[in-house]
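One structure is given here, and the rest of the page talks about it.
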Amino acid sequence: MKNQVLLDKALALLPKLHETEVRVARTVIMNKEDDSIRILPDEDYNKKLLKKGDKIILDFGNHQVGYISMKLNSVGFHADAPVWLKFHFAEQPVELFENGKDFEGWISSSWIEEEEIHVDVIPSKVKLSRRYAFRYLEIEVLAISNNYSLVVEDITCTAVSSADDRDLIPYDTTDENKKQLDKIAIRTLHNCMQTVFEDGPKRDRRLWIGDLRIQALANYETYKKNDLVKACMYLFAALPKSDEQIGACVFLEPKPAVDDNVTDGQGTFFDYALFIVSILYDYYRETDDREALEDIWACAKKQIEIAARRVGEDGLIKGEDVFGWCFIDWNISLDKQASAQGVLMYVLNQAIYLASEIGDSEIEEEYRELYDKLYTAANRYLWDEEECCYVSGKDRQISIASQAWLVLGGAIEGIYAKKLLESIEFKENVQGMVSPYMYHHYVDALIQSDAKDLALEKMTEYWGDMLNQGADTFFELYNPMNPNESPYGGTIVNSYCHAWSCGPTYFLRKYFN
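In my numbering, the protein residues as written are 93 to 605.
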């Protein structure tokens with residue numbers, strides 16, 4: 093179902109990358125003591141004579157995405173045998189205390205940022221061909237001749253991003269805490285802005301539509317690299333699945349293609365496919381780009397048509413027991429029916445506006461009728477009078493996600509929405525949130541309900557705790573009760589710079605400036 097016209101437009105919009113040479117900030121020693129890691133200064137790396145088993149740890153001062161190069165020299169007799177080196181890159185110090193060979197998680201261990209090389213000729217210049225995401229680099233000598241010692245010199249990282257900090261809009265605040273949150277969120281966004289908006293520069297290094305929606309919003313308040321948003325939006329529209337539904341993610345290399353294997357072979361999520369409407373809506377409101385509206389409108393309508401097939405006669409979304417039918421949050425215990433109801437309502441409100449803009453009055457009326465049906469069903473069947481909140485699924489589960497999305501969808505408004513969100517976390521057995529992605533929508537719902545003080549408190553509490561854990565960029569997943577938790581079986585494959593966590597810069601600049 094590839095649309096070559098849209099694909100050609102997308103590829104023509106893809107940016108060139110800016111390169112910045114970054115040098116090592118300091119050489120360090122790391123010691124792990126129980127659950128804490130002490131980082132101490134060490135002698136400069138280029139003064140060390142390295143033999144078999146020796147290691148150096150380099151701190152680049154901030155999170156980098158790029159390519160490492162260095163000079164290798166020797167002291168002693170002629171280098172009569174190759175040197176065998178191991179490079180271990182880390183976004184967070186904890187990664188350096190895991191051995192990639194011990195990893196037994198469910199995700200591929202090929203994501204582990206380790207590389208071994210043999211260098212036959214010393215002295216020489218070495219450049220690693222693979223791009224890495226990291227702040228820290230550990231270099232270990234695995235083997236070397238007894239006749240010489242290795243000296244590592246002039247290590248640099250050629251950092252890459254399509255974002256140019258000269259274009260960054262200043263954030264005007266005297267609040268140091270807000271400044272820090274904004275700074276880290278921007279670094280997260282910046283390092284995910286590559287040829288496309290990547291979800292994470294360490295992993296998965298590709299374009300996911302749930303992340304793109306948040307990145308685009310953050311971009312409008314910061315770099316305003318709107319052609320990159322347009323290119324990514326066009327890529328999704330150009331490369332749907334065979335049934336015309338938008339895929340959850342898209343590969344750019346070796347050639348552009350939709351990932352039709354994600355989510356147990358379904359290729360997408362209910363909510364993710366609908367977000368092409370939201371991305372188009374936000375982009376059009378930001379740019380007034382009529383061409384984009386007309387180009388993407390048919391694709392956007394198709395997503396609503398497909399989603400509407402899940403709406404029963406009673407007006408409720410019919411979910412599935414399959415984990416991948418709808419994302420919402422990374423929580424297998426979360427019932428997603430009510431959240432999905434809210435997502436479709438949220439998107440319909442945006443689609444009604446777009447239909448009006450494009451002059452599609454018949455579709456506009458159809459969407460208004462569908463919205464009314466969903467609204468009525470949400471408040472008739474999902475609202476629990478005794479609990480004073482929305483419930484989800486046959487077990488009538490209570491979750492923060494259900495309330496947040498039905499608020500965003502307009503099922504409840506004003507003071508009633510505000511009271512609902514202020515009280516929901518204190519209910520017994522409430523399903524909480526797992527990812528910064530869901531926290532983003534919770535904060536958004538609080539703001540839309542005029543609970544801005546609580547929104548700022550929650551944002552500061554959650555993302556601020558990542559700062560307290562030493563974050564240079566914001567994480568893919570964060571559990572305040574267990575900061576080193578990994579859904580993959582080891583922190584060594586965790587993504588500590590992840591696009592869906594860049595939302596604070598959007599919220600701070602748009603609502604708290």
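C-beta: ideal position from N, C-alpha, C; glycine also.
*Less than 8 Å between the CB atoms is what I'm expecting for N154 and D564, so what's the real figure, rounded?*
5 Å
*Output yes or no for whether 7 Å exceeds the beta carbon distance between F179 and I231.*
yes
*Applying the criterion that 16 or more other CB atoms from any shown protein chain within 10 Å of the CB defines a buried residue, is R279 buried or exposed?*
buried
*Validate contact between the segment 129-141 and the segment 97-113 using beta carbons, cut 8 Å, 3 pairs*: no
_Looking at A308: is its Cβ nearer than 7 Å to the Cβ of Q156?_
no
_Given this structure, state the Cα-to-Cα distance separating D421 from Q523, to the nearest angstrom._
11 Å
*With DSSP as the reference, label Y240 as helix, strand or coil.*
strand
*Candidates N239, I204 and L109: closest to A173 by CA position*: N239
*Establish whether the CB of D246 and some CB of chain B are separated by less than 7 Å.*
This model lacks chain B altogether; it includes just one protein chain.
*How long is the line joining the alpha carbons of V369 and T552, rounded to whole angstroms?*
30 Å
*Nearest CA to the CA of L512: which residue from S484, C480 and L366?*
C480
*Are Y467 and A503 close, meaning C-beta to C-beta below 7 Å?*
yes
*Taking all protein chains shown into account, do 16 or more other C-beta atoms lie within 10 angstroms of the C-beta of P293, making it buried, or fewer, making it exposed?*
buried
*Give the single residue among E477, M558, L103 and V483 whose Cα lies nearest to the Cα of V288.*
L103
*Report the rounded CA-to-CA distance for A430 versus D257, giving the unit in angstroms.*
41 Å
*Can A340 and F361 be called in contact, C-beta distance under 7 Å?*
yes
*Span of the alpha helix (DSSP H) around T280*: E268 to C284
*Where does the unbroken alpha helix (DSSP H) through Y373 begin, and where does it stop?*
F362 to T379
*asked:* Assuming contact is defined by CB atoms lying nearer than 7 Å, are V354 and V342 in contact in what I supplied?
replied: no
*With a CB to CB cut of under 6 Å and the five nearest residues on each side skipped, what residues in its chain are close to E207?*
F179
*Given F195, which residues of its chain have a CB within under 8 Å of its CB, disregarding the five upstream and five downstream residues?*
S201, I204, G581, G582, I584 and V585
*Just mark I507 as buried or exposed, buried being the case when its beta carbon has 16 or more other beta carbons within 10 Å.*
exposed
_Whole beta strand (DSSP E) elements within the segment 215-239, 3-residue minimum_ = 216-219 and 224-235
_Expected contact under 8 Å - CB spacing of Y228 and R601 to nearest Å_ = No, Y228 and R601 are not in contact; Cβ-Cβ is about 30 Å, not under 8 Å.
*Burial state of S128 (16 or more Cβ within 10 Å)*: exposed
_Residue range of the beta strand (DSSP E) that includes E457_ = First-last for E457: S453 to A469, but that is the alpha helix (DSSP H), not the beta strand (DSSP E).
_Which same chain residues end up closer than 7 Å to Y531 when comparing Cβ atoms and leaving out the 5 residues on each side of it in sequence?_
M525 and Y554
_Meets three-Cβ-pair contact criterion under 8 Å: the segment 117-127 and the segment 158-167_ = no
*For L105, which residues from the same chain have a beta carbon less than 8 Å from its beta carbon, with the 5 sequence-adjacent residues on both sides left out?*
D319, L320, K322, A323 and Y326
*Relative to the alpha-carbon of A432, which residue among S491, W497, S453 and E454 has its alpha-carbon at the smallest distance?*
W497
*Which residues in the same chain as A547 place their Cβ atom closer than 6 Å to its Cβ, once the five residues preceding and following it in sequence are excluded?*
V535, L538 and I539
*Could you tell me whether the segment 559-577 touches the segment 587-598, using the rule of 3 or more Cβ pairs below 8 Å?*
yes
*What are the uninterrupted segments assigned as beta strand (DSSP E) that are 3 or more residues long and contained completely in the segment 135-178, given in chain order?*
147-168
*May I ask which residues mark the beginning and end of the alpha helix (DSSP H) holding I559?*
The residue asked about is misnamed: residue 559 is Leu in this sequence, not Ile. L559 -> alpha helix (DSSP H) spans K544 to N560.
*asked:* On the DSSP letters alone, give me the boundaries of the alpha helix (DSSP H) that S431 sits inside.
replied: Q429 to I450
*Alpha carbon to alpha carbon, how far is D274 from K510? Give it in angstroms, no decimals.*
25 Å
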